[in-house]
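Take the sequence shown: its position 106, counting from 1, is numbered 105 in numbering that gives the first Met the number 0, and each next residue is one higher.
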Amino acid sequence: MLSTIVVMVRAKWMDSMAATLTETRKGVFAGNLAALAVRSPGVAKLVQAAQPHAGAAFRDADDGATALTLNGIAMCSQRQPMEEARRFAGRIDLEHAGGVVVLGFGAGHHVRAIVERARGASLVIVFEPDVALLRAVLEHIDCAGWLGTGQVAIVTDADDPGQLAASMQGGEGFLSIGIEIIEHPPSKQRLADTGGRFSSRFADAVSSMRTSVVTTLMQSDVTLRNQLMNIDHYVTRRGVNDLAGVARGAPGLVISAGPSLQRNLHLLDDPAVRDRAVLIAVQTMLKPLLERGVRPHFVMALDHHEISKRFYEGLTAQDVEGVTLVIEAKANPAIADSFPGQIRVVGDERLDGLLGADVVGSPAKARIKPGATVAHLAYYFAKHLGCSPVILMGQDLGFTDGQYYADGASIHQVWACELNTFRTLEMFEWERIVRNRRHLRRLEDHLGRAIYSDAQMENYLAHFEADFARDIEAGLRIIDATEGGVRKRGPEIMPLAEALGTFATKALPDAFRAQCHAASGTDRAAVEPARARLQQLWREVREIARLSRETARLLRKIPSGNQARANDIINRVHQLRDQVEGLAGGYALVRQLNQTGALKRFKADRPLMLAGDDLPALERQQRQVERDAMNVSWIAEVADLASDLLGDAEGALRGLPKRTRDPALGEDGAKAVDPTVAARKVKCPAVICLTARDTEPMRIGETTALALTVQRLRRAKLVHRVVVLAPDEAIAHAARAQLNHDDPRVEVRVQALSDAQRTADERWLRCIGRARRWARLCWRSGIAGASCFDEAVSPQLLHGFVEDAGAAAVLVCDARWSGVEPALCDALLTRFAEDPERHPLTFTQAAPGLAPCVLGTGLVRKLAEAAREQVTYGTIGGLLSYMPMAPLPDPIARSTCWHVDPALRDANERFVIDDEAAAQRMSRLWDRAGASMDALRLVEALHDGAEGDALDELHIALVGFTRPRQGLQAAWHALMHDGAPMDVAYFERAVREAVAERPDVAVTLTGPGGRAIAGDPVDHPLFADLVARARDVGVQWLHVRTSGRSSQFDEMLEPLAQCDVVSVDLLARTAPVARAILGEGDSLARANERAIELHKAMVARDGGIERWVVPRITRCDAAYCDIEPFYDQWINTLGAAVIDPLPRAIDGERIAPLTVPRLAAVRRARRVRHVRADGSVVGASGAGR
0 MLSTIVVMVR AKWMDSMAAT LTETRKGVFA GNLAALAVRS PGVAKLVQAA
50 QPHAGAAFRD ADDGATALTL NGIAMCSQRQ PMEEARRFAG RIDLEHAGGV
100 VVLGFGAGHH VRAIVERARG ASLVIVFEPD VALLRAVLEH IDCAGWLGTG
150 QVAIVTDADD PGQLAASMQG GEGFLSIGIE IIEHPPSKQR LADTGGRFSS
200 RFADAVSSMR TSVVTTLMQS DVTLRNQLMN IDHYVTRRGV NDLAGVARGA
250 PGLVISAGPS LQRNLHLLDD PAVRDRAVLI AVQTMLKPLL ERGVRPHFVM
300 ALDHHEISKR FYEGLTAQDV EGVTLVIEAK ANPAIADSFP GQIRVVGDER
350 LDGLLGADVV GSPAKARIKP GATVAHLAYY FAKHLGCSPV ILMGQDLGFT
400 DGQYYADGAS IHQVWACELN TFRTLEMFEW ERIVRNRRHL RRLEDHLGRA
450 IYSDAQMENY LAHFEADFAR DIEAGLRIID ATEGGVRKRG PEIMPLAEAL
500 GTFATKALPD AFRAQCHAAS GTDRAAVEPA RARLQQLWRE VREIARLSRE
550 TARLLRKIPS GNQARANDII NRVHQLRDQV EGLAGGYALV RQLNQTGALK
600 RFKADRPLML AGDDLPALER QQRQVERDAM NVSWIAEVAD LASDLLGDAE
650 GALRGLPKRT RDPALGEDGA KAVDPTVAAR KVKCPAVICL TARDTEPMRI
700 GETTALALTV QRLRRAKLVH RVVVLAPDEA IAHAARAQLN HDDPRVEVRV
750 QALSDAQRTA DERWLRCIGR ARRWARLCWR SGIAGASCFD EAVSPQLLHG
800 FVEDAGAAAV LVCDARWSGV EPALCDALLT RFAEDPERHP LTFTQAAPGL
850 APCVLGTGLV RKLAEAAREQ VTYGTIGGLL SYMPMAPLPD PIARSTCWHV
900 DPALRDANER FVIDDEAAAQ RMSRLWDRAG ASMDALRLVE ALHDGAEGDA
950 LDELHIALVG FTRPRQGLQA AWHALMHDGA PMDVAYFERA VREAVAERPD
1000 VAVTLTGPGG RAIAGDPVDH PLFADLVARA RDVGVQWLHV RTSGRSSQFD
1050 EMLEPLAQCD VVSVDLLART APVARAILGE GDSLARANER AIELHKAMVA
1100 RDGGIERWVV PRITRCDAAY CDIEPFYDQW INTLGAAVID PLPRAIDGER
1150 IAPLTVPRLA AVRRARRVRH VRADGSVVGA SGAGR
């Protein structure tokens, strides 16, 4: 009986102890969970929902800590886990590692040791995919003290970019210092499959983050500039307060500009869609939608760069009636100033704080979460309206089917002026992707296939997925109707037609309609109070600059051995600090602007944080003084910048021009020099190079082309010397006779070249002439990217000149650019002088002959050296083009490009006196507008007189459809008919008529449909004779398009080598792709060999590269995987390659030919004549013959 009682008492005692332990663990777990949620709330929820790991076993270690085994494997020392953890943490170089990434949580002791050693100076990110393990540890071991510091983030999913982005958020400063990834040894085997993948994804994310941080630092003054320049709109336009919830329950369609958009854009053509769904478009889609007759309710904008004004070029108030532009105040002011319709401005925290309620009014403008991109802003705005569901369209976040933009995107209009026989939209689209190759990422698309994205878009994806997770949890329904692009976590995937049919079924709410149609004019009453506030802020930041410089001077006087004297100075410094802080508005502005200074201070503080109490007090004081002196000096510089920006903003409110571009700080923080003043100091002569063709001066009325060109250069305010380089003394003498010297301000000098210089230049010009002939109306985009600037002079000749002249740069012009615009010369010189290191080349997109370019001496030297190896490496066009070995972003979107009026870019004409006809045309233009007219008036006079429509190219199909109808190409050419080879009489007549009409007409010999796929011109039984006859008739420029597969190719190698350019329709890089397209793949290898053999024959014939072989591939579903290796291989091998569009859209193909912009289509129709094998003529005034 007694033993029974003892057993019962013992059992009750054990139950009581177990209950006590359970309660204790609950408390530990709750505290740990709350601490984990400080930085990783999503992970905390996952841990809370998980069950503890069944294989986790805990025991008390000798040092008082808790030891852990997992499935029998020790996760830490079983006797001294904390000592082991401290040794582990001691191996990390925390001085250079602001971010420490630990692979494996284990028992957490090693993480704690790192946090304690870092003393708040590092961010620790732990990757632990085993959530059950985390649950078990957090139930048993108290981690709250160090988890709750906010210095530890935990990631559980290597493939979740949103979770990864959340772990880094707010820690950018730490991560920018440096990162160390360290494996937890006991977890190494356990994380073998996922640890490496996480490390790779983390490295990519950090790269993207650093880019974002650098952008933020570099853009901080740009952002403030834009905000200040938009004050007029901010204080006079309506906000979005009254739009909150007005579309509650209605579907909101966010229309982005991804390449998949074209697949479903037609669904918006139905006017009923606009009546039943809120249409919110990004700014790039405004024009394409309007051209289809679709008027979005809202168009969103936040771009920092002034180039975005191109999205509104040519629009009228009538065009955008019913469309409201919604902008963030940080958008470039050129956007709002260019939009002719209603505008609303989203609330801006900085402007509200700077201007105050008295100026901005009450209530303040409603704010929307700032958008990482305009698509994010559109999504947030849809939520602000109360839309549900939010339907995403064109939100690819990846390069669907190898395409960057949607078909018909506004950028296609910008590229239109460059399209030609050797430059397609398909090339532009592909290059837009791979120009950014080092940032590309391979992700998974909506169909589970591999797709290219890039680091930036992957970052945007992470932002979206984090938003989606929160919003879906809050009850928002999100539909991804993109039907392309990367797979996104969270949204439902649904075809757009189904989404519209399901949700866009009833009229939009009356409240929405009322607000959309409400007048939103401007209220100018707040402008004067805003001016007064800016003047006050200007005075405050000027005083802050003065006080900061005084503080820096005092800090440098603090003695190291006299503490009493040091204390006196420190007290004075504190007084100055209080004065600065008393200037509340100005100080807040300077602190916001001083992003770089804040980062520098943080970096200077870290060593002090790491040292802790180990640092002697005197040394700590000295280092703090050095830090503070640097900081206040930087504050003074930033205050100077702020005063400049505030002055410009106040001037803009008085009607002065707005500042829309370029930060005013150099990389070292120094105030920028007035570029016009700098340009006057730059030694930069204008250089004109004559050639052997200039033996007889080209006359324009009573003067000559050279004289007019020099005359116009002299009108430029910043051109002080013009140097004319002549090939021999006779031409130099003739040039001197054409020029007068009645302007003492501008020196004009003519000098003759040496024989060696002349030979090199002539060879260069022959090679470039062939590369440029089919792009003569384009400023860029000849074969191998050759530009109009390359026509002017060779880099070797230019290099010799600048070395002798000691010039800092040269303004490159051609003797026959008699329409060169003086104002553009000044603009380019000014842009160069602003920052010669960043702008070694300055140029415009103006039509050939209207603008020169400026080249820095260092760049001239590099081009000359590169040209000695291969022509394509030494061209100015090469600098502007895609080079696979060193891809760079297109410079037209950078500050090195001076943006001109679109009319100058899209003139569709060449303003170069190439021949007598051009001279007569220019003479008539002078008569209409006067020789002193500017470039814009010159273009207007051209179009007023219909001077530009003339035959430029002749395309002759020598054969009909002759290939077997097999493979995909059978469908491409299904509408063509078999035909006999062209009769010689038809050929001679076509060529003679064209040469008579235009002596320098460019002739292309091809197959049916303008290609050599369905039939090869080399198969013509008299091909060699026809080539010879073309030359005999006077054809100067001859291009042949062949497949390289003709049985006659080897016999025709010599006639082909005599042509200026030979295109080879290889169509594929691999045999399977060739087989899919042609029905057989065996001929591909031999066709590749023939392209190389032909190139070698051309080189042997000319003694160097003067003629071109251009391989071509057609963009289609089958060839998609071959495009990248094909394009890069042939550009690297032969200097050029072409990506052609499909001949027509094919049923069942995802990829379709991109729509040729009207500008290019009109040019082709008016200037290119096509002659079929049967002798019939189409285009260039030959239609119907």
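Beta carbons: idealized from backbone N, C-alpha and C, even for Gly.
Legend entry - Per-residue DSSP class, three states only, for N419: Taking the first residue of the sequence shown as position 1, residue 419 is located at position 420. Of the three classes helix, strand and coil, the one that applies to N419 here is strand, per DSSP.
Legend entry - Residue range of the beta strand (DSSP E) that includes P1110: One-based indexing of the sequence shown puts residue 1110 at position 1111. Residues W1107 to T1113.
Legend entry - Backbone CA spacing between E1123 and S880 [nearest angstrom]: The residue given as residue 1123 occupies position 1124 in the sequence shown. The residue given as residue 880 occupies position 881 in the sequence shown. Approximately 16 Å between the Cα atoms of the pair.
Legend entry - Nearest candidate by alpha-carbon position, reference N483, set V811, N263 and P839: In the sequence shown, counting from the first residue as 1, residue 483 sits at position 484. Checking the sequence shown, residue 483 turns out to be Gly, not Asn. It is N263.
Legend entry - Beta-carbon separation (whole angstroms), V794 vs A866, contact threshold 8 Å: Here residue 794 refers to the residue found at position 795 of the sequence shown. Here residue 866 refers to the residue found at position 867 of the sequence shown. Looking at the sequence shown, residue 794 is not Val but Pro. Correct: roughly 5 Å between the Cβ atoms.
Legend entry - CB of I450 within 8 Å of CB of T372, strictly: By 1-based counting over the sequence shown, the position of residue 450 is 451. By 1-based counting over the sequence shown, the position of residue 372 is 373. It is not a contact, given that the beta carbons lie outside the stated cut-off.
Legend entry - C-alpha distance - G1178 paired with A1164, whole-angstrom precision: Counting from 1 along the sequence shown, the entry for residue 1178 is found at position 1179. Counting from 1 along the sequence shown, the entry for residue 1164 is found at position 1165. When rounded, the distance between both Cα atoms is 5 Å.
Inset, instruction - Starting from the N-terminal side, write out each stretch of the beta strand (DSSP E) that is 3 residues or longer and does not extend beyond the region 320–386. - result: 323–326 and 341–344
Legend entry - Which residues DSSP lists as bridging S452, in chain order: The residue labelled residue 452 in the question sits at position 453 within the sequence shown. Per DSSP, R440.
Legend entry - Helix, strand or coil at W1036 [DSSP, three-state]: Taking the sequence shown and counting its residues from 1, the one referred to as residue 1036 is at position 1037. Note: W1036 maps to strand in three-state DSSP.
Legend entry - Straight-line gap, G385 to D241 (C-alpha atoms, nearest Å): Counting from 1 along the sequence shown, the entry for residue 385 is found at position 386. Counting from 1 along the sequence shown, the entry for residue 241 is found at position 242. Rounded to the nearest angstrom, the two C-alpha atoms are 12 Å apart.
Legend entry - T550, buried or exposed, once every other Cβ within 10 Å from all chains shown has been counted against 16: Here the question's residue 550 lines up with position 551 in the sequence shown. T550 should be labelled buried.
Legend entry - Helix, strand or coil at T1003 according to DSSP, with G and I counted as helix: Here residue 1003 is taken as the residue at index 1004 of the sequence shown, counted from 1. Looking at T1003 - three-state DSSP - the assignment turns out to be strand.
Legend entry - Limits of the alpha helix (DSSP H) - the one that M299 falls within: Walking along the sequence shown from the start, residue 299 turns up at place 300. No alpha helix (DSSP H) holds M299; the beta strand (DSSP E) holding it covers F297 to A300.
Legend entry - Backbone CA spacing between D437 and A565 [nearest angstrom]: By one-based count along the sequence shown, residue 437 stands at place 438. By one-based count along the sequence shown, residue 565 stands at place 566. Looking at the sequence itself, residue 437 is Arg, so the reference to Asp does not match. If I take the Cα positions, the gap works out to 52 Å.
Legend entry - C688, enclosing alpha helix (DSSP H) - first and last residue: Within the sequence shown, the letter at position 689 stands for residue 688. Note, C688: premise wrong, no alpha helix (DSSP H); beta strand (DSSP E) at A685 to C688.
Legend entry - Nearest-angstrom Cα separation, counted from V1000 out to L840: Stepping through the sequence shown from its first residue, residue 840 is reached at position 841. Stepping through the sequence shown from its first residue, residue 1000 is reached at position 1001. The alpha-carbon atoms of L840 and V1000 are separated by roughly 32 Å.
Inset, instruction - Verify the contact flag: T222, CB atom, against every heavy atom of the ligand ADP, threshold strictly below 7 Å. - result: By its list of ligands, the structure shown contains no ligand whatsoever, and the ligand ADP lies outside what it can speak to.
Inset, instruction - Between the Cα of I1104 and those of A1096, H838 and P1110, spot the shortest distance and give me the residue it belongs to. - result: What you label residue 1104 is simply residue 1105 of the sequence shown in a count that begins at 1. With distances taken between Cα atoms, I1104 lies closest to A1096.
Inset, instruction - Counting only the same chain and skipping the five closest in sequence on each side, list residues whose C-beta sits under 7 Å from that of Q534. - result: Start at 1 with the first residue of the sequence shown, and residue 534 comes out as number 535. E649.
Inset, instruction - Measure the alpha-carbon distance for L738 versus R923 and round it to whole angstroms. - result: Stepping through the sequence shown from its first residue, residue 738 is reached at position 739. Stepping through the sequence shown from its first residue, residue 923 is reached at position 924. If you take the alpha carbons of L738 and R923, they lie about 22 Å apart.
Inset, instruction - Under 8 Å Cβ to Cβ from E443, same chain only, skipping five residues before and after it: list those, please. - result: In the sequence shown, the residue the question calls residue 443 occupies position 444. The residues are A449, I450, V485 and R486.
Inset, instruction - List the whole-angstrom C-beta distance separating L705 from P696, where the pair is believed to meet the contact cut-off of C-beta under 8 Å. - result: Mapped onto the sequence shown, residue 705 falls at position 706. Mapped onto the sequence shown, residue 696 falls at position 697. Rounded, the Cβ-Cβ distance is 6 Å, consistent with contact.
Inset, instruction - Starting from H1169, follow the alpha helix (DSSP H) in both directions and report where the run begins and ends. - result: On the sequence shown, position 1170 is the one that residue 1169 refers to. Careful: H1169 lies outside any alpha helix (DSSP H), inside the beta strand (DSSP E) at V1167 to V1170.
Legend entry - Candidates T315, L391, F197 and S199, of which the one nearest A280 by Cα: Along the sequence shown, one-based indexing puts residue 280 at 281. A280 has its Cα closest to that of L391, out of T315, L391, F197 and S199.
Inset, instruction - Would you mind reading off the limits of the beta strand (DSSP E) that contains Q750? - result: If you number the sequence shown from 1, residue 750 lands on position 751. Unbroken beta strand (DSSP E) run through Q750: E746 to A751.
Legend entry - Distance, A55 Cα to N1185 Cα: Nothing in the structure corresponds to residue 1185, since the chain is present only between 0 and 1184.
Inset, instruction - Would you check if the region 454–466 and the region 911–925 touch, i.e. whether three or more CB-CB distances between them fall below 8 Å? - result: no
Inset, instruction - Please classify H265: is it buried, with 16 or more other beta-carbons within 10 angstroms of its beta-carbon, or exposed? - result: For the purposes of this step, residue 265 is taken as the residue at position 266 of the sequence shown. Per the 10 Å Cβ criterion, exposed.
Legend entry - Nearest to V589 (by Cα), restricted to the options E83, L640 and A563: Within the sequence shown, the letter at position 590 stands for residue 589. Cα-wise, what sits closest to V589 is L640.
Legend entry - Outcome for S39 when other beta-carbon atoms lying within 10 angstroms are tallied against a minimum of 16: Residue 39 sits at position 40 when you count from the first residue of the sequence shown. With 16 or more Cβ atoms within 10 Å of its Cβ, S39 is classed as buried.
Legend entry - Top-ranked residue by Cα proximity to S186, from C515, A106 and L953: Sequence index remark: in the sequence shown, residue 186 carries index 187 (1-based). Taking only the C-alpha atoms, the option nearest S186 is A106.
Inset, instruction - Let me know if K11 comes out buried or exposed under the rule of 16 or more other beta-carbons within 10 Å of its beta-carbon. - result: Here the question's residue 11 lines up with position 12 in the sequence shown. With a pLDDT of 49 at K11, under the threshold of 50, the modelled position of that residue is not reliable, and no figure is offered here.
Legend entry - Which listed residue (D479, W414 and I176) has its alpha carbon closest to that of A1159: By one-based count along the sequence shown, residue 1159 stands at place 1160. Per the Cα distances, W414.
Legend entry - Sheet register partners of D479 (DSSP bridge): Start at 1 with the first residue of the sequence shown, and residue 479 comes out as number 480. Paired residues: L391 and I492.
Inset, instruction - Measure the alpha-carbon distance for R1166 versus D302 and round it to whole angstroms. - result: For the purposes of this step, residue 1166 is taken as the residue at position 1167 of the sequence shown. For the purposes of this step, residue 302 is taken as the residue at position 303 of the sequence shown. Looking at the two C-alpha atoms, the distance is approximately 37 Å.
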